[in-house]
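This report refers to the structure that appears directly beneath it.
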Amino acid sequence: MQRMSAKEFRNMKAKKKSKYGNQKTIVDGTTFDSKAEAIYYNQLKWLKQAKQIKDFKLQPRYILQDAFTKNGKHFRKIEYVADFEVHKLDGTIEIVDIKGHETKEFLLKHKLFERQYLDTLSVLAYDDHFGFIELDKLKKLKRKVKRSGSN
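The sequence shown begins at 14 in the working numbering and counts up one residue at a time.
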């Protein structure tokens, strides 16, 4: 049995566990923050190939507030980075974010996005029973099941 020094032990890189239990997944050389995002990406590829959507983009960025200077202090811009931007056949654009749950930061950025942009922002979750479903609808369904006392 080989012994390890304290320095070697400290320098070992422990595999960091995701704060929200997501598992990073690589598809086509792109790293997604969760399996659900990777599944949605594959679904979008299929929809594009089947000519059900025009196109889609990964990680689109939206400026929520420009950078500014006040009293000599510089404030950085506030950006929202969505998971997907889906260009539909009718010319509309849907912004899609895949979430397990919403953080306070996301709730604020969602509100700012809705104020500034006309495009639809859909917040989806992946559920084993329902597939992709709007996160708000999934939360309501889970509350309903919880109230009825069944799992």
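In this text, a Cβ means the ideal position worked out from N, Cα and C, and glycines have one as well. Remember, predicted model here, so these are calculated numbers, not experimental data.
Straight-line Cα distance separating residue j from residue i
{"i": "V94", "j": "T38", "result": "18 Å"}
{"i": "R156", "j": "K112", "result": "18 Å"}
{"i": "A63", "j": "D46", "result": "26 Å"}
{"i": "K153", "j": "F145", "result": "15 Å"}
{"i": "K58", "j": "I52", "result": "10 Å"}
{"i": "K115", "j": "R16", "result": "It is Glu, not Lys, that sits at residue 115 in the sequence shown. Between E115 and R16, the C-alpha separation is close to 45 Å."}
{"i": "D141", "j": "K159", "result": "17 Å"}
{"i": "I66", "j": "K150", "result": "24 Å"}
{"i": "Q129", "j": "N84", "result": "26 Å"}
{"i": "E147", "j": "K20", "result": "48 Å"}
{"i": "F143", "j": "S135", "result": "16 Å"}
{"i": "G104", "j": "E127", "result": "19 Å"}
{"i": "L121", "j": "S18", "result": "47 Å"}
Proximity winner among the options, relative to residue i (alpha-carbon distances)
{"i": "L71", "options": "A80, N55 and T133", "result": "N55"}
{"i": "V109", "options": "T133, H87 and W59", "result": "T133"}
{"i": "K90", "options": "K101, D103 and Y75", "result": "Y75"}
{"i": "L125", "options": "L77, K48, L60 and V40", "result": "L77"}
{"i": "L102", "options": "L60, S18, V40 and E50", "result": "L60"}
{"i": "F208", "options": "F97, H123, F143 and T43", "result": "This structure cannot speak to residue 208, because the chain is shown only from 14 to 164."}
Cβ-based burial, residue i [other Cβ within 10 Å; buried from 16]
{"i": "A138", "result": "buried"}
{"i": "A49", "result": "buried"}
{"i": "K86", "result": "exposed"}
{"i": "K117", "result": "exposed"}
* Segments assigned alpha helix (DSSP H), at least 4 residues, entirely inside the region 29 to 90 -> 48 to 62
* **Runs of beta strand (DSSP E) lying entirely within the region 81 to 161, each at least 3 residues, in chain order** => 81 to 83, 86 to 88, 91 to 94, 97 to 101, 106 to 111, 133 to 140 and 144 to 147
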